[in-house]
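Working notes, beginning with the structure itself.
Number of protein chains: 2
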Amino acid sequence: MTRDERIWTAALVVIGDEILSGRTQDRNVAQIAAWLNVQGIRLAEVRVVGDREDAIVEAVNQLRARNDYLFTTGGIGPTHDDITVDAIAAALGVEVVHHPQAMAVLEAYYATRGGLTEARARMARVPAGAGLIENRVSGAPGIRIGNVFIMAGVPHITAGMLDALTGTLPGGRPVVSKSIGCWVAESEVADLLRTTEKAHPGVAIGSYPFFREGRTGANFVARSPNEAVVDACLAELTAALVADGRAVTAGGI
Amino acid sequence: MTRDERIWTAALVVIGDEILSGRTQDRNVAQIAAWLNVQGIRLAEVRVVGDREDAIVEAVNQLRARNDYLFTTGGIGPTHDDITVDAIAAALGVEVVHHPQAMAVLEAYYATRGGLTEARARMARVPAGAGLIENRVSGAPGIRIGNVFIMAGVPHITAGMLDALTGTLPGGRPVVSKSIGCWVAESEVADLLRTTEKAHPGVAIGSYPFFREGRTGANFVARSPNEAVVDACLAELTAALVADGRAVTAGGI
Chain A
1 MTRDERIWTA ALVVIGDEIL SGRTQDRNVA QIAAWLNVQG IRLAEVRVVG
51 DREDAIVEAV NQLRARNDYL FTTGGIGPTH DDITVDAIAA ALGVEVVHHP
101 QAMAVLEAYY ATRGGLTEAR ARMARVPAGA GLIENRVSGA PGIRIGNVFI
151 MAGVPHITAG MLDALTGTLP GGRPVVSKSI GCWVAESEVA DLLRTTEKAH
201 PGVAIGSYPF FREGRTGANF VARSPNEAVV DACLAELTAA LVADGRAVTA
251 GGI
Chain B
1 MTRDERIWTA ALVVIGDEIL SGRTQDRNVA QIAAWLNVQG IRLAEVRVVG
51 DREDAIVEAV NQLRARNDYL FTTGGIGPTH DDITVDAIAA ALGVEVVHHP
101 QAMAVLEAYY ATRGGLTEAR ARMARVPAGA GLIENRVSGA PGIRIGNVFI
151 MAGVPHITAG MLDALTGTLP GGRPVVSKSI GCWVAESEVA DLLRTTEKAH
201 PGVAIGSYPF FREGRTGANF VARSPNEAVV DACLAELTAA LVADGRAVTA
251 GGI
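These protein sequences, in sequence, are chains A and B. Take the first sequence: its letters are residues 1 to 253, numbered as in full-length UniProt numbering. Take the second sequence: its letters are residues 1 to 253, numbered as in full-length UniProt numbering.
Now the structure itself:
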């Protein structure tokens, strides 16, 4: 296996009662997944846990051990329900300290916004030994300790933190993902999909049915780090569908 | 503890490479969470796993053991990447069989849609001993075995299956959740939130900041199975904010 062929994985722990109560629609799973793909890192698993230390500790310790990277979102604000930093420090068995650079960032940010109160200074608390992730959107920075990346819960703030990390994490070849679409019930082409996937080792074909404009269709997505193999697989699938009298839309419907 | 006071919990396993790749935005977490609240059941944890049997088995076996109910979404269609039924049968240590009633449902559904092919009959496969969950939207039914509920991945099909289950699952008192909104930075009221929560045992206050129209605001959500306690908590919080010269919007902003 060459260096390129090693698969790098990440896990994500989404922290927040508001996700588990249905109050808030999560956007970070899809956002972080797409960003990781570009870094050549595969999102292998996600957990959503509530604002409870035991749940956060269990998820963080299980997932950081078996993935190259672990990301968390949520629970790093100034209020009593923001317990992510304390929980991750507990998971790692380290103390919580005020990070001097984070204090300086927050002092500058709040200088014109009413000053750095004790509640706001909570956002400078990090597990001992941690570094910071630049927040290009608002005040409080993200936190990195070992292979754990502690990000904001608000999606556009997380987006800014991801932007700051872009290109800095070792990864493999990005997964190439291409689609074709067809107005066909997936059940009519199930055998074709199975045999085409088997004929192209290393490619995974996903089948995603939909119902639109009163008609049944499906998109077929081929994924592999090897673009040539993806292209060959979709070319064969397209040819078979066309030979069967069906119209195929490159890129998906 | 009276029967009403027992807390009933559920877990959810979202199954699908398309969620982990970022291709598809999950909608089932929020939908199932909201539906469970009405049933008096709390969504305690969620995992998202790929189309891999080992990952599904691990998640299902960990979560069904420690929750009253376990739901899964995704992976029950007719194609090769639909492995949920096989994985859950493996998790439970039972065989996979064709369910006679599911075969009848599918035969009727496909009678005018090209007939029941072998691929389509895959959707009648269930872990041995399972019952069915009515699908009011399309053909293939959901599956119930023990405390495990196997649902569709397509959100509007899942919605129909949830509708069929409404009122059939034992639960506790639904959690009452009420909000107030205020144009304030949550960091300015962090102490007030903490002391108000402490003064009302059994209530959890969540603080959810936002940035709109160029201004900073936050919604504060109080949750408890006891509505009177939620009301008292929010009344006290509102009074304190108003005494501090702030306008409060009942129901949230």
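Ideal Cβ placement from N, Cα and C applies to all residues, glycine included.
Item to complete: Out of B:ALA33, B:HIS80, B:GLU213 and B:PRO100, point me to the one whose CA is closest to GLU53 of chain B's CA.
Response: Sequence index remark: in the second sequence, residue 53 of chain B carries index 53 (1-based). GLU53 of chain B has its Cα closest to that of B:HIS80, out of B:ALA33, B:HIS80, B:GLU213 and B:PRO100.
Worksheet item: Ordered along the chain, which non-local residues of its own chain (more than five positions away) have a Cβ less than 8 Å from that of ASP26 of chain B?
Response: Locating residue 26 of chain B in the second sequence gives position 26, where the first residue counts as 1. Here the set comprises VAL14, ILE19 and VAL48.
Practice prompt. Report all residues from its chain with a CB closer than 7 Å to the CB of GLN101 of chain A; omit the five preceding and five following residues, and keep chain order.
Written response: If you number the first sequence from 1, residue 101 of chain A lands on position 101. Within the same chain, GLN101 of chain A has close Cβ partners LEU132.
Practice prompt. Less than 8 Å between the CB atoms is what I'm expecting for GLU250 of chain B and ILE180 of chain B, so what's the real figure, rounded?
Written response: Position 250 of the second sequence, counted from the first residue, corresponds to residue 250 of chain B. Position 180 of the second sequence, counted from the first residue, corresponds to residue 180 of chain B. According to the sequence displayed, residue 250 of chain B carries Ala and not Glu. So it is a contact: roughly 6 Å between Cβ atoms.
Item to complete: Starting from SER207 of chain A, find everything on chain B with Cβ-Cβ shorter than 9 Å and list it in chain order.
Response: Locating residue 207 of chain A in the first sequence gives position 207, counting from the first residue. Under the 9 Å cutoff, chain B gives GLY77, PRO78, THR79, HIS80, ASP81 and ASP82.
Worksheet item: So THR117 of chain B is in the beta strand (DSSP E); what residue range does that whole segment cover?
Response: Here residue 117 of chain B refers to the residue found at position 117 when the second sequence is read from its first residue. Looking at the DSSP string, THR117 of chain B is not in any beta strand (DSSP E), and its letter there is neither H nor E.
Practice prompt. Check each residue of the stretch 52-74 of chain A: if its Cβ is closer than 8 Å to any Cβ of chain B, include it; give the result in chain order.
Written response: ALA55
Worksheet item: With burial defined as no fewer than 16 other Cβ atoms inside 10 Å of the residue's Cβ, what is the status of VAL242 of chain B: buried or exposed?
Response: The residue given as residue 242 of chain B occupies position 242 in the second sequence. Flag for VAL242 of chain B reads exposed.
Worksheet item: Who pairs with GLU45 of chain A in a beta bridge, going by DSSP?
Response: As a working note, residue 45 of chain A is residue 45 in the first sequence. Bridge partners of GLU45 of chain A: A:ALA11 and B:VAL49.
Worksheet entry | The alpha helix (DSSP H) enclosing ILE88 of chain A, as first and last residue numbers | Here residue 88 of chain A refers to the residue found at position 88 when the first sequence is read from its first residue. Taken as a continuous stretch (DSSP letters only), the alpha helix (DSSP H) holding ILE88 of chain A covers 84-92.
Worksheet item: Quick one: what's got a C-beta closer than 7 Å to ALA44 of chain A's C-beta in the same chain, skipping five residues either side?
Response: Indexing the first sequence from 1 puts residue 44 of chain A at position 44. Cβ neighbours of ALA44 of chain A beyond the five flanking positions: THR9, ALA10, ALA11 and ASN67.
Discussion item. Less than 8 Å between the C-beta atoms of VAL248 of chain A and SER177 of chain A, yes or no?
Written reply: Position 248 of the first sequence, counted from the start, is the residue given in the question as residue 248 of chain A. Position 177 of the first sequence, counted from the start, is the residue given in the question as residue 177 of chain A. Cβ distance not < 8 Å, so VAL248 of chain A and SER177 of chain A don't count as in contact.
Item to complete: Identify, in the order they occur along the chain, each residue of the same chain with its Cβ nearer than 8 Å to the Cβ of THR2 of chain B, setting aside the five sequence neighbours on each side.
Response: The residue given as residue 2 of chain B occupies position 2 in the second sequence. Its pLDDT being 48, under 50, THR2 of chain B is placed unreliably in this model, and the value from its coordinates should be taken loosely. Excluding residues within five positions, none has a Cβ falling inside 8 Å.
Worksheet item: For HIS200 of chain B, does the count of other Cβ atoms within 10 angstroms reach 16, so buried, or fall short, so exposed?
Response: As a first step, residue 200 of chain B is located in the second sequence; it is residue number 200 there, counting from the start. Buried, because 16 or more other Cβ atoms sit within 10 Å of the Cβ of HIS200 of chain B.
Discussion item. By alpha-carbon positions, which one of B:VAL203, B:ALA33 and B:GLY74 ends up nearest to GLY153 of chain B?
Written reply: As a working mapping, residue 153 of chain B is identified with position 153 in the second sequence. Considering only alpha carbons, the answer is B:GLY74.
Worksheet item: Does GLU5 of chain A get closer than 8 Å to chain B when you measure Cβ to Cβ?
Response: Numbered from 1 along the first sequence, position 5 holds the residue referred to as residue 5 of chain A. No - not a single Cβ of chain B is within 8 Å of the one on GLU5 of chain A.
Practice prompt. Compare the C-alpha of ALA164 of chain B against each of B:ILE145, B:PHE149 and B:ASN135 and name the closest.
Written response: Looking up residue 164 of chain B in the second sequence gives position 164. The shortest Cα separation from ALA164 of chain B among B:ILE145, B:PHE149 and B:ASN135 belongs to B:ASN135.
Worksheet entry | Residues near SER207 of chain B in its chain [Cβ-Cβ closer than 7 Å; skip 5 each side] | Working through the second sequence from its first residue, we reach residue 207 of chain B at position 207. Answer for SER207 of chain B: GLU186, LEU193, ALA218 and PHE220, listed in chain order.
Worksheet item: Would you say THR238 of chain B reaches chain A, if we count a Cβ-Cβ gap shorter than 8 Å as a contact?
Response: Within the second sequence, numbered from 1, the residue matching residue 238 of chain B stands at position 238. Chain A, which has no Cβ nearer than 8 Å to the Cβ of THR238 of chain B, makes this no.
Practice prompt. Check distances from the C-beta atoms of the stretch 7-39 of chain A to those of chain B and list, in chain order, the residues that come in under 9 Å.
Written response: LEU12, VAL14, GLY16, ASP17, GLU18, ILE19, LEU20, SER21, GLY22, ARG23, THR24, GLN25, ASP26, ARG27, VAL29, ALA30, GLN31, ILE32, ALA33, ALA34, TRP35, LEU36 and ASN37
Practice prompt. From the DSSP output, in three-state form, read off ALA34 of chain A for me.
Written response: Counting from one through the first sequence, the residue named residue 34 of chain A turns up at place 34. ALA34 of chain A falls in the helix class under three-state DSSP.
Practice prompt. Could you say which of A:ASN37, A:GLY16, A:LYS198 and A:ASP244 lies nearest to ALA30 of chain B if we only look at CA atoms?
Written response: In the second sequence, the residue the question calls residue 30 of chain B occupies position 30. Checked all of A:ASN37, A:GLY16, A:LYS198 and A:ASP244; the closest Cα to ALA30 of chain B is A:GLY16.
Worksheet item: Can the beta-carbon of ILE22 of chain B be found closer than 8 Å to that of GLY172 of chain B?
Response: Translated into the one-based positions of the second sequence, residue 22 of chain B becomes position 22. Translated into the one-based positions of the second sequence, residue 172 of chain B becomes position 172. The sequence shown places Gly at residue 22 of chain B, not Ile. Contact flag unset, no.
Item to complete: May I ask you to list the residues that DSSP assigns as paired with MET151 of chain A?
Response: Your numbering for residue 151 of chain A matches position 151 in the first sequence. DSSP, once it has assigned bridges, lists A:THR73 as partnering MET151 of chain A.
Discussion item. Taking the alpha-carbon of ALA87 of chain A as reference, which of A:GLY129, A:TYR110, A:ALA59 and A:MET103 has the nearest alpha-carbon?
Written reply: Here residue 87 of chain A corresponds to residue number 87 of the first sequence, with the count starting at 1. With distances taken between Cα atoms, ALA87 of chain A lies closest to A:ALA59.
Worksheet entry | Beta-carbon proximity check, ALA121 of chain B vs HIS98 of chain B, cutoff 8 Å | The residue you call residue 121 of chain B lines up with position 121 of the second sequence. The residue you call residue 98 of chain B lines up with position 98 of the second sequence. Their beta carbons are under 8 Å apart, which means ALA121 of chain B touches HIS98 of chain B by this criterion.
Item to complete: Quick one: grab the DSSP three-state call for HIS80 of chain A.
Response: Within the first sequence, the letter at position 80 stands for residue 80 of chain A. Three-state DSSP puts HIS80 of chain A in coil, outside helix and strand.
Worksheet item: Does ARG120 of chain A come within less than 8 Å of chain B when only Cβ atoms are used?
Response: Numbered from 1 along the first sequence, position 120 holds the residue referred to as residue 120 of chain A. Yes, ARG120 of chain A counts as interfacial toward chain B.
Practice prompt. Tell whether a beta-carbon distance below 8 Å holds between VAL57 of chain A and ALA90 of chain A.
Written response: On the first sequence, residue 57 of chain A is found 57 positions in, with the first residue counted as 1. On the first sequence, residue 90 of chain A is found 90 positions in, with the first residue counted as 1. Closer than 8 Å, so yes.
Worksheet item: Does the Cβ-Cβ distance between MET161 of chain A and ALA140 of chain A come in under 8 Å?
Response: The residue labelled residue 161 of chain A in the question sits at position 161 within the first sequence. The residue labelled residue 140 of chain A in the question sits at position 140 within the first sequence. No, the pair does not count as a contact, with Cβ atoms beyond the cut-off.
Discussion item. Just checking: is the beta-carbon of ASP163 of chain A within a distance shorter than 8 Å of some beta-carbon in chain B?
Written reply: If you number the first sequence from 1, residue 163 of chain A lands on position 163. Closer than 8 Å: no.
Worksheet item: In its own chain, which residues sit with a C-beta less than 7 Å from the C-beta of ILE7 of chain A, not counting the 5 before and 5 after it?
Response: Taking the first sequence and counting its residues from 1, one reaches residue 7 of chain A at position 7. Closer than 7 Å at the Cβ level, and outside the excluded window around ILE7 of chain A, lie ARG42 and GLY172.
Worksheet entry | Three-state class that DSSP yields for MET1 of chain A in the structure shown | Sequence index remark: in the first sequence, residue 1 of chain A carries index 1 (1-based). For MET1 of chain A, the predicted model reports a pLDDT of 44, less than 50, meaning its position is unreliable; a value from the coordinates is still stated below. Correct three-state label for MET1 of chain A: coil.
Fill in: Three-state secondary structure (DSSP) of VAL176 of chain B
In the second sequence, the residue the question calls residue 176 of chain B occupies position 176. Reduced to three states, the DSSP call for VAL176 of chain B is strand.
Discussion item. By the DSSP assignment, the alpha helix (DSSP H) with THR238 of chain A in it spans what residues?
Written reply: Along the first sequence, read from residue 1 onward, the residue named residue 238 of chain A stands at position 238. 227-243 is the extent of the alpha helix (DSSP H) around THR238 of chain A.
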